[in-house]
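In the working numbering, the protein residues as written are 63 to 393.
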Amino acid sequence: MKPDSQDKDKIDPGIEPEFTSWQIPDITQADPEQVSNLFGRRSIAKLNVEETQSYLPPTLAEIEAIREQAEQEGLEQGKDQGYKSGLESGRLEGLKQGHEEGTKQGLEQGYVEGLEQAKNLLEKFESILTQFEKPLELLDTEIEQELVALTIKLTRAVVGHEIKTHPEHILAALRQGVDSLPIKEQGVSIRLHPDDFLLVQELYSVNQLEKNQWQLESDPSLSAGDCIINSQRSSVDMRLEQRLTSVLETMSHHLSHLNQTHEQQAQALPSYNRSEISTKPIEDVDEPSSSEPEKPLPSEADNANSETGHSYDVQPSGQVDEQGTEDEQSP
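Encoded structure:
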């Protein structure tokens, strides 16, 4: 039988316990691990454990308050975050829209201002061009005047030279004048320049003159190439000057129109240019020069054979203009 463990702890009264001496521990040593108790056992250091507070579970009201607080904080945080995000997005969108609108408005305003400046510049350029064009137009008119006047002068000079070098042209004028008479079979009186008178006498024999019933007369007052034909009832003036005037009538009218245009253009120029440009019109070349002697008017003998007083002016086409005298016009 095994001895009970409790019996070991019991002290037998008959046995004297052995005692050992116990020394006072040295308290100068700071190491608590070397400290032992009465029984020579080392004490285990107590851990400083903080006492934990006991918490009671939250109540329903506290949970509701916590929920409302969290909801309010989340709402405020979301609102703040949304405001900041919306503000930034709105700012960017506003900047973009403002930039586009500003660019569009700037383009439109720049276009309008540029167009206005272009119009002003165009008006200035047109004014400058007009100042250049008007003198050029005036110069063109002056050149045209000179050309027309020169053409008329050359025509007269060529005709005069042709009459002198080829006096037989008087025969064509003579035939044209005789053919212009309304009645062919009648005696006519033909007045010619002395040189033309001799030429006709050489070209036509006496028999031919009698057959044609032509009576030649020499008139020193007439110029070379002139011819005046008188019959019993009519008269034909075939003087060279009148024939040239009739031929050059269109050019003379054109020259007069150019003179008028030249004056108007000169008046339209600025005052500083007007004094530099001559406004004197081209002289009418139809008027005889002062160096040439004036031709006398037809004498009374020109119309002596005109019993009815009819006078005919022969045009270049051979037509005859009949003019009645005061004797026929009177009742």
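Every residue, glycine too, gets a C-beta built ideally from N, C-alpha and C.
May I ask you to report which of helix, strand or coil DSSP gives residue i?
i	result
Asp142	helix
Asp281	coil
Ser242	coil
Ile128	helix
Ser297	strand
Does the distance from the CB of residue i to the CB of residue j come in under 8 Å?
i	j	result
Leu278	Leu271	yes
Leu310	Thr227	no
Gln322	Gln248	no
Leu254	Leu284	yes
Leu265	Ile252	no
Ser280	Pro244	no
How is the alpha helix (DSSP H) around residue i delimited, first residue to last?
i	result
Leu331	Element bounds for Leu331: n/a, residue is neither H nor E.
Ser267	Careful: Ser267 lies outside any alpha helix (DSSP H) and carries neither H nor E.
Leu302	Leu302 to Val309
Whole-angstrom Cβ separation of residue i and residue j, contact assumed at under 8 Å?
i	j	result
Val210	Leu320	7 Å
Val250	Trp276	6 Å
Ile225	Ala286	5 Å
Leu331	Lys196	5 Å
Leu212	His324	16 Å between Cβ atoms; not a contact.
Ile290	Arg301	7 Å
Gln327	Thr203	6 Å
Identify the continuous beta strand (DSSP E) that holds residue i and give its terminal residues.
i	result
Ile291	Cys289 to Ser293
Arg253	Val250 to Leu254
Quick one: is the Cβ of residue i within less than 7 Å of any heavy atom of the ligand NAD?
i	result
Pro282	Within the structure as shown, the ligand NAD is missing, as the structure has no ligands at all.
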